[in-house]
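Novice: Residue numbers for the sequence shown follow the numbering used here, beginning at 2 and rising by one.
Beta carbons: idealized from backbone N, C-alpha and C, even for Gly.
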Amino acid sequence: MLAVAAAQLGYRTHIYAPETGPANDVSGGYTRGGYYDAGELARFARGVDVVTYEFENIAAGPIEALATFVPVHPSPRSLAVAQHRAEEKEFVEALGGRAAPWRRVESRETLDEAIAAIGCPAILKTATLGYDGKGQVRLASPADADAAWEAIAGAPAVLEGFVTFAHEFSILLARGADGSIASYPPPLNEHRDGILSRSTVPAPAEIAVQWTEAAALAGRVAEALEHVGVLTLEFFATADGPVFNEMAPRVHNSGHWTIEGAVTSQFENHIRAIAGLPLGDTGLTGRGVVMENLIGDDVERWAELLGEGDAHLHLYGKRDARPGRKMGHVTRVMR
Ligand code: AMP
């Protein structure tokens, strides 16, 4: 989707990845290379004008190495903070944000201490490499500690208190190379089995009230990181205001609605930002918009969805429709 947005602005995209993927079908060039292959990374960097990434489960080291050859946006610092659950919470809290009660867990003993401090129910999450509810275990009581520790295989983690929330929402913003910030209206996000199922804009009024506070916080985070590109912060809307959950230094699934639902999509604004162009309007193109993910077998509904006429179907061209795998999405704009 980034490559498509880049092409529309007249740029050619070259993909670097260990395996081929959907982006290859819409990009001019491809280097098959490992994330730690210094020689291949250097050759790739010499052939491009700017590098970006849309996946935070890569080490900051290779991104730092690329940055010695060519501008890299978002910066390695944005990646390092956003890819680590403890780092991102500390960063956001230092800027006045509020997260669920949490503790770092680095051993079986610190898990017990964290449970004693936070109480149950709680969620144990691996500090890195988690997404879509992966690398997470819920603890109903302290008796679940052994099983939870085993389930995450003793990886560095955080324990979080369970948040009672009315809704989940996200703040998506683009920050340009000149420091200008454009924020999207926040989507209400509904999850199924820890995976985003639907995003709706505009969000209900309760969220609109919390939006201002959350968007201001996201702006402070973007500025403190000197972030260039799209930045996403996820929140729980609680009776006491927005509670920060996690952030991503990239375009986000809860912003896929912006392709048809916003004047400038998150993908185009990301490309504009990293190319040093002015940001585009983040306003809605209609009265509202709903994006529904097609997960696993949902994708078999493609013919029926095309039959709707005004539903915008996106299929990612992934080969196997495994359960829990995001295969595409459909966006409906209310005019
Ligand atoms: P995450 O990968 O951290 O975004 O978690 C995936 C989903 O699990 C979230 O979108 C929530 O629906 C749920 N979840 C995560 N952390 C918590 C928490 N501390 N309290 C309640 N629900 C949570």
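Indicate whether T239 and F166 have their beta-carbon atoms separated by less than 7 Å.
Specialist: Walking along the sequence shown from the start, residue 239 turns up at place 238. Walking along the sequence shown from the start, residue 166 turns up at place 165. For the 7 Å CB-CB criterion, T239 and F166 form a contact.
Novice: Kindly identify the DSSP beta-bridge partner or partners of W103.
Specialist: Looking up residue 103 in the sequence shown gives position 102. In DSSP, W103 forms a bridge with E161.
Novice: Could you round the C-beta distance between Y17 and F45 to whole angstroms and report it? I think they count as a contact, below 8 Å.
Specialist: Here residue 17 refers to the residue found at position 16 of the sequence shown. Here residue 45 refers to the residue found at position 44 of the sequence shown. Contact holds; Cβ gap of about 5 Å.
Novice: Rounded to whole angstroms, what is the Cα-Cα separation between F237 and I208?
Specialist: By one-based count along the sequence shown, residue 237 stands at place 236. By one-based count along the sequence shown, residue 208 stands at place 207. So the alpha carbons of these two residues sit roughly 9 Å apart.
Novice: Do you know offhand how far E228's Cα is from L218's?
Specialist: For this step, residue 228 is matched to residue 227 along the sequence shown. For this step, residue 218 is matched to residue 217 along the sequence shown. Note that residue 228 is His in the sequence shown here, rather than Glu. Straight-line Cα distance between these residues: approximately 14 Å.
Novice: So the candidates are Q84, V222, A117 and D113; which of them puts its Cα closest to the Cα of Y132?
Specialist: What you label residue 132 is simply residue 131 of the sequence shown in a count that begins at 1. Here the closest residue by C-alpha is Q84.
Novice: What does a CB cutoff of less than 7 Å around C121 pick up in its chain, not counting 5 residues either side in sequence?
Specialist: Along the sequence shown, read from residue 1 onward, the residue named residue 121 stands at position 120. Here the set comprises L140, A141, S142 and P143.
Novice: Do three or more CB pairs link the segment 34 to 53 to the segment 61 to 72 at distances below 8 Å?
Specialist: yes
Novice: Taking 6 Å as the limit between beta carbons, can you name the residues of its chain near G220, skipping five residues before and five after?
Specialist: By one-based count along the sequence shown, residue 220 stands at place 219. So the list reads I182, once near-sequence residues are dropped.
Novice: For K327, which of helix, strand or coil comes out of DSSP?
Specialist: Here the question's residue 327 lines up with position 326 in the sequence shown. K327 falls in the strand class under three-state DSSP.
Novice: Using a threshold of 7 Å, state whether the C-beta atoms of H257 and L295 are closer than that.
Specialist: Within the sequence shown, numbered from 1, the residue matching residue 257 stands at position 256. Within the sequence shown, numbered from 1, the residue matching residue 295 stands at position 294. Cβ distance not < 7 Å, so H257 and L295 don't count as in contact.
Novice: What is the rounded straight-line gap between the Cα of I119 and the Cα of A81?
Specialist: For this step, residue 119 is matched to residue 118 along the sequence shown. For this step, residue 81 is matched to residue 80 along the sequence shown. Answer to the nearest angstrom: the Cα atoms are 26 Å apart.
Novice: Can the beta-carbon of A146 be found less than 7 Å from the beta-carbon of L112?
Specialist: Counting from one through the sequence shown, the residue named residue 146 turns up at place 145. Counting from one through the sequence shown, the residue named residue 112 turns up at place 111. For A146 and L112, yes; Cβs fall inside 7 Å.
Novice: Quick check: the Cα distance between A4 and D282, rounded to an integer number of angstroms?
Specialist: Counting from 1 along the sequence shown, the entry for residue 4 is found at position 3. Counting from 1 along the sequence shown, the entry for residue 282 is found at position 281. Using only the alpha carbons, I get a separation of about 20 Å.
Novice: How many angstroms separate the CA atom of E89 from the CA atom of R78?
Specialist: Numbered from 1 along the sequence shown, position 88 holds the residue referred to as residue 89. Numbered from 1 along the sequence shown, position 77 holds the residue referred to as residue 78. C-alpha separation (whole angstroms): 11 Å.
Novice: Quick check: A338 and S184, are their CB atoms within less than 7 Å of each other?
Specialist: This structure cannot speak to residue 338, because the chain is shown only from 2 to 336.
Novice: For the segment 189 to 217, list the beta strand (DSSP E) runs that are entirely contained and at least 3 residues long, ordered along the chain.
Specialist: 189 to 193 and 196 to 202
Novice: Is the beta carbon of G289 sitting closer than 7 Å to the one on P203?
Specialist: In the sequence shown, counting from the first residue as 1, residue 289 sits at position 288. In the sequence shown, counting from the first residue as 1, residue 203 sits at position 202. Cβ atoms of G289 and P203: closer than 7 Å.
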